[in-house]
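The block underneath contains the structure these notes are about, expressed in structure tokens.
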Amino acid sequence: MDHIPFFRARLLQWAAEHPRPMPWKGERDPYKIWLSEIILQQTRVEQGLPYYEKFVAAYPTVTDLALAPEDELFKLWEGLGYYSRARNLHFTAKYIATALDGRFPDTYDTIRALKGVGDYTAAAIASFAYDLPHAVLDGNVYRILARFFGIDMPTDTPAAKKEFTRLAQQVLDAERPAAFNQAIMDFGATHCTPQQPRCATCPMQPHCVAFQSGRVQELPIKSKKLIKKERYFCYFIFHYKGDTWVRKRTGKDIWHGLFDFPAMESSERPNWPESRTDMEQWVRTHLFQETTLDFQVTQVSKPYRQTLTHRQVAAIFVELDLQKELPVHLPAFSEVQRVSWADLKKNIAVPRLIDWYLQDKAGTLSLF
Ligand code: SF4
1005 MDHIPFFRAR
1015 LLQWAAEHPR
1025 PMPWKGERDP
1035 YKIWLSEIIL
1045 QQTRVEQGLP
1055 YYEKFVAAYP
1065 TVTDLALAPE
1075 DELFKLWEGL
1085 GYYSRARNLH
1095 FTAKYIATAL
1105 DGRFPDTYDT
1115 IRALKGVGDY
1125 TAAAIASFAY
1135 DLPHAVLDGN
1145 VYRILARFFG
1155 IDMPTDTPAA
1165 KKEFTRLAQQ
1175 VLDAERPAAF
1185 NQAIMDFGAT
1195 HCTPQQPRCA
1205 TCPMQPHCVA
1215 FQSGRVQELP
1225 IKSKKLIKKE
1235 RYFCYFIFHY
1245 KGDTWVRKRT
1255 GKDIWHGLFD
1265 FPAMESSERP
1275 NWPESRTDME
1285 QWVRTHLFQE
1295 TTLDFQVTQV
1305 SKPYRQTLTH
1315 RQVAAIFVEL
1325 DLQKELPVHL
1335 PAFSEVQRVS
1345 WADLKKNIAV
1355 PRLIDWYLQD
1365 KAGTLSLF
């Protein structure tokens, strides 16, 4: 590791020459830094930026966030996905507002103990808000260190985590932790990127092991691939006098706390009916249990897909016009509630997959 001083100096020089302004940069308020870090987990900066601005405007302090009704907060979060982040944000804001009298924790360990805060986020808050010497370690940092120092350990193992944490801490400029952490994150996001890193113009080139040995595309190495379980939903969107029916998702399942439409679900690739008439018959048998309810299937969407951390979700949406109220006493409709379309649009948070469909609804939908 002879080239640590070189790496550190070149990185800080690169950052000085490539400023990347963001609304949270230079921010010292730990609440706003925390907010930006939680929003940016699993989210691209361009996508997260307007959310950060909306949240800071709606909830300028941690106490304001703590007092927000959950449904309002979820609505503001809509489109960002991974709603467990929004839930943890709310839980933690309430904890800070009540148990800590609104004072944000100010040591690495107390920040790390907050719900929804991992090693990376704790290091980011500790360094940006309090200038504490804790190195951030995320995918960007793994990649840069693996390439520059030529480390060919698979990065997704506990041993690698230990080794990279040690190295990141060793490389950190303890005198300027905030500037260094920001620099390495920016360098990974814009210069030493996963695909097509800018090696030709890179100030690290003379001592970058991956570049010098022609292994840039090879590093970092991953050993395991996550096997994602599949889930299939057939959603039923009922129309009756300008209203529809939704249900709030509860329990420990995905999308907990959000609303979706009544649905049939399967973990195997289902054979949904392939024509509107067949779908009508299928709905009459399976949902309406042969009741004489008068309805019409008006359209069936193409499949929509979303990849979550541990799940692959696919859904189709069936639109139905009803001549009468939905028979909510039937088992398929337990816990549904009737809402107006205007209310759904303005006040009810739905999973991203459903939001995509609703946004497409005005456009062209592929029908069977
Ligand atoms: S030379 Fe290429 S691989 Fe090495 S640090 Fe620079 S951009 Fe990354």
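Our numbering numbers the first residue of the sequence shown as 1005 and each following residue consecutively.
Note that beta-carbon positions come from the ideal geometry of N, C-alpha and C, so glycine has one too.
The ligand SF4 heavy atom lying under 7 Å from the CB of residue i
| i | result |
| --- | --- |
| His1314 | no |
| Met1208 | yes |
| Cys1238 | no |
| Arg1014 | no |
| Phe1152 | yes |
| His1195 | yes |
| Phe1184 | no |
| Val1220 | yes |
| Phe1215 | yes |
| Pro1224 | no |
| Ile1456 | This structure leaves residue 1456 out entirely; the chain is present only between 1005 and 1372. |
| Pro1162 | no |
Where residue i falls, given that 16 or more other Cβ within 10 Å makes a residue buried
| i | result |
| --- | --- |
| Leu1371 | Reliability of the predicted coordinates at Leu1371 is poor, the pLDDT of 37 falling under 50, and no value is obtained from them. |
| Trp1345 | exposed |
| Gln1279 | According to the sequence shown, residue 1279 is Ser rather than Gln. Label assigned to Ser1279: exposed. |
| Glu1234 | exposed |
| Lys1256 | exposed |
| Pro1030 | Before going on, a small fix: residue 1030 reads as Gly here, not Pro. Classification of Gly1030: exposed, given that the 10 Å Cβ count is below 16. |
| Asn1185 | buried |
| Ala1319 | buried |
| Gly1192 | buried |
| Asn1226 | Just to set this straight, residue 1226 is Lys in the shown sequence, not Asn. Result: exposed. |
| Thr1368 | Confidence at Thr1368 is low in this model, with a pLDDT of 49, below 50, so its placement is unreliable and no value can be given for it. |
Among the options, the one whose alpha carbon lies nearest that of residue i
| i | options | result |
| --- | --- | --- |
| Arg1251 | Pro1335, Tyr1244, Phe1263 | Phe1263 |
| Lys1349 | Trp1249, Leu1104, Arg1315 | Trp1249 |
| Asp1123 | Gln1045, Trp1360, Lys1365, Glu1222 | Gln1045 |
| Leu1080 | Val1066, Thr1065, Tyr1099, Glu1057 | Glu1057 |
| Ser1131 | Gln1303, His1195, Glu1041 | Glu1041 |
| Asp972 | Arg1032, Phe1321, Asp1160, Tyr1087 | For residue 972 there is no data in the structure shown, the boundaries of the chain being 1005 and 1372. |
| Glu1167 | Val1145, Ala1187, Ala1183 | Val1145 |
| Trp1259 | Gly1085, Gly1052, Asp1075 | Gly1085 |
| Pro1023 | Glu1339, Gly1083, Asp1247, His1195 | His1195 |
| Arg1032 | Ser1338, Phe1108, Arg1219 | Phe1108 |
| Gly1246 | Glu1074, Asp1075, Arg1012, Val1343 | Val1343 |
| Val1066 | Leu1104, Ser1338, Thr1289 | Leu1104 |
| Leu1297 | Glu1074, Val1049, Glu1050, Pro1331 | Pro1331 |
Beta-carbon gap between residue i and residue j smaller than 8 Å
| i | j | result |
| --- | --- | --- |
| Val1287 | Leu1324 | yes |
| Tyr1244 | Ala1267 | no |
| Gly1154 | Val1213 | yes |
| Leu1016 | Asp1177 | yes |
| Ile1415 | Val1175 | Because the chain here runs from 1005 to 1372, residue 1415 falls outside it and cannot be looked at. |
| Asp1135 | Ala1172 | no |
| Leu1334 | Phe1299 | no |
| Ile1129 | Ile1037 | yes |
| Thr1096 | Lys1119 | yes |
| Arg1356 | Gln1316 | no |
| Val1301 | Glu1284 | yes |
| Val1140 | Ala1150 | no |
Range covered by the alpha helix (DSSP H) that runs through residue i
| i | result |
| --- | --- |
| Ala1133 | 1123-1134 |
| Gln1209 | Gln1209 -> no alpha helix (DSSP H), and no H or E assigned at all. |
| Arg1116 | 1112-1116 |
| Tyr1146 | 1143-1153 |
| Ala1187 | 1181-1194 |
Enclosing beta strand (DSSP E) for residue i [first to last residue]
| i | result |
| --- | --- |
| Met1283 | Unbroken run through Met1283 is the alpha helix (DSSP H), 1280-1290; no beta strand (DSSP E). |
| His1314 | It is not in any beta strand (DSSP E) - His1314 carries neither H nor E in the DSSP assignment. |
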